[in-house]
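*Asks:*
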Amino acid sequence: MRHAITLAQQAAERGDIPVGAVIYRGEEILGEGSNRREIDADPTAHAEIVAMRQAGIALGHWRLIDCSMAVTLEPCPMCAGAMVNARLARVIWGADDPKAGACRSLYELHNDKRLNHRLEGVGGVLKEECLSLLQDFFKARR
Numbered sequence: 031m032r033h034a035i036t037l038a039q040q041a042a043e044r045g046d047i048p049v050g051a052v053i054y055r056g057e058e059i060l061g062e063g064s065n066r067r068e069i070d071a072d073p074t075a076h077a078e079i080v081a082m083r084q085a086g087i088a089l090g091h092w093r094l095i096d097c098s099m100a101v102t103l104e105p106c107p108m109c110a111g112a113m114v115n116a117r118l119a120r121v122i123w124g125a126d127d128p129k130a131g132a133c134r135s136l137y138e139l140h141n142d143k144r145l146n147h148r149l150e151g152v153g154g155v156l157k158e159e160c161l162s163l164l165q166d167f168f169k170a171r172r
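Heads up: the sequence shown begins at 31 in this note's numbering, then just goes up one per residue.
Right, dumping it as structure tokens:
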């Protein structure tokens, strides 16, 4: 999560919402990303999607079996759905997202029994640090 926080800080420096994500298997980092929606003019360029794309390239296929993701903010429906489709094993997030969270706050897509895959979800890891990044970013913009 500490590495994801560093990536989130980089996003804030670029003017993007400070969210960072890291995909790893064991001790090996396979993909990482931070929000790039503003810099790429791409509504899908969330940190989680950027990290999953990198991990897929690193592995040579789209299935992220036995991989985990650490992300600073609870994933949205798009990202949680992509994690299910990628067959990710686990997602760990920092701050909950009461407006768009799809792993606990509004939905629980990651473990919905109606879907073809479920993954473990653990929230609240370094929550205060992750939340502080977001709060500081939005205070500065107001």
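Beta carbons: idealized from backbone N, C-alpha and C, even for Gly. Since the model is a prediction, treat every value here as computed from it, not as a measurement.
1. Measure the C-alpha to C-alpha separation of G50 and G56 and round it to an integer number of angstroms.
2. Which two residues bound the contiguous alpha helix (DSSP H) that contains V155?
3. Have a look at R66 and I35 and give me their C-alpha separation to the nearest angstrom.
4. Can you tell me where the alpha helix (DSSP H) with L60 in it begins and where it stops?
5. To the nearest whole angstrom, what separates the beta carbons of C106 and H76, a pair I think is in contact under 8 Å?
6. So, for I95: in the same chain, excluding its five sequence neighbours on each side, which residues have a beta-carbon less than 6 Å away from its beta-carbon?
*Replies:* Reading it off the structure:
1. Indexing the sequence shown from 1 puts residue 50 at position 20. Indexing the sequence shown from 1 puts residue 56 at position 26. Cα to Cα, G50 sits roughly 19 Å from G56.
2. Taking the first residue of the sequence shown as position 1, residue 155 is located at position 125. Annotation for V155: no alpha helix (DSSP H) segment contains it, and DSSP assigns it neither H nor E.
3. The count along the sequence shown starts at 1 and reaches residue 66 at position 36. The count along the sequence shown starts at 1 and reaches residue 35 at position 5. In a straight line, the C-alpha of R66 is about 15 Å away from that of I35.
4. Here residue 60 is taken as the residue at index 30 of the sequence shown, counted from 1. Premise fails: L60 lies in the beta strand (DSSP E), E58 to S64, not in any alpha helix (DSSP H).
5. Along the sequence shown, one-based indexing puts residue 106 at 76. Along the sequence shown, one-based indexing puts residue 76 at 46. That belief holds up - the Cβ atoms of C106 and H76 are roughly 7 Å apart, short of 8 Å.
6. Translated into positions along the sequence shown, residue 95 becomes position 65. Contacts found: R117.
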